[in-house]
Amino acid sequence: SRLIAFRRGSAFFDTVDRSLRRSGVLPHIVMETSDLAMVRSLVSRGLGVAIIPRSLAEAGGPPVKVVEVRPEPPRRTVALTWNARGGRSSAAEAFLEFALRWLSDPGGDTA
């Protein structure tokens with residue numbers, strides 16, 4: 584299939600490329616962009632297929648068909664770091680508290 588990809592050299596590209604190659608798939612990349620929303624838009628125009636985050640695939644916008652990657656979808660590790668000595672704005676402090684609370688909830692419930 585014709586693959587529309589997020590730009591080479593990005594962690595997202597590397598994750599998708601590594602996952603495809605591990606599965607024995609040599610990707611045929613026909614387009615690259617540095618904007619994931621553009622990847623989705625190009626797919627909606629029938630110019631190829633793409634692997635994008637589920638949240639973006641299911642977001643509003645031009646229609647696309649969403650199919651889960653099986654048997655194992657690509658996964659990325661995301662890290663949260665901060666200066667433990669403080670000096671954060673009230674907005675940064677509120678975000679940190681929210682993120683730590685969210686990460687401690689196995690269901691990821693933000694309510």
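Per the numbering used here, the sequence shown starts with residue 584, numbered consecutively.
Every residue gets a Cβ at the ideal spot worked out from N, C-alpha and C, and that includes glycine.
Worksheet item: Leaving out five residues before and five after Ala633 in sequence, what residues of the same chain have Cβ atoms less than 6 Å from its Cβ?
Response: Translated into positions along the sequence shown, residue 633 becomes position 50. Correct list, in chain order: Ile587, Val622, Val626.
Discussion item. Suppose contacts are defined by Cβ-Cβ distances below 7 Å. Is Ser617 in contact with Arg591 by that definition?
Written reply: The count along the sequence shown starts at 1 and reaches residue 617 at position 34. The count along the sequence shown starts at 1 and reaches residue 591 at position 8. In this structure, Arg591 does not lie closer than 7 Å to Ser617 by Cβ.
Discussion item. Distance check for Pro656 and Ser624, CA to CA, integer angstroms please.
Written reply: Translated into the one-based positions of the sequence shown, residue 624 becomes position 41. Translated into the one-based positions of the sequence shown, residue 656 becomes position 73. The straight-line gap from Cα to Cα measures roughly 21 Å.
Item to complete: Report the partner residues of Thr616 according to the DSSP bridge assignment.
Response: Your numbering for residue 616 matches position 33 in the sequence shown. Per DSSP, Phe589.
Discussion item. If the criterion is Cβ atoms closer than 7 Å, does the pair Leu619 and Leu603 meet it?
Written reply: In the sequence shown, counting from the first residue as 1, residue 619 sits at position 36. In the sequence shown, counting from the first residue as 1, residue 603 sits at position 20. No, these two residues do not count as a Cβ contact at 7 Å.
Practice prompt. Ignore the nearest five residues each way along the sequence and tell me which others in Leu686's own chain have a CB closer than 7 Å to its CB.
Written response: One-based indexing of the sequence shown puts residue 686 at position 103. If we look at Leu686 and ignore the five residues flanking it on each side, it has no Cβ neighbours.
Discussion item. If contact is defined by three or more beta carbon pairs under 8 Å, each pair taking one atom from either stretch, is the stretch 593 to 607 in contact with the stretch 643 to 663?
Written reply: yes
Worksheet item: Apart from the five residues on each side of it in sequence, which residues of its chain come closer than 8 Å, Cβ to Cβ, to Thr598?
Response: Counting from 1 along the sequence shown, the entry for residue 598 is found at position 15. Same-chain partners within the cutoff: Pro657, Arg658, Arg659.
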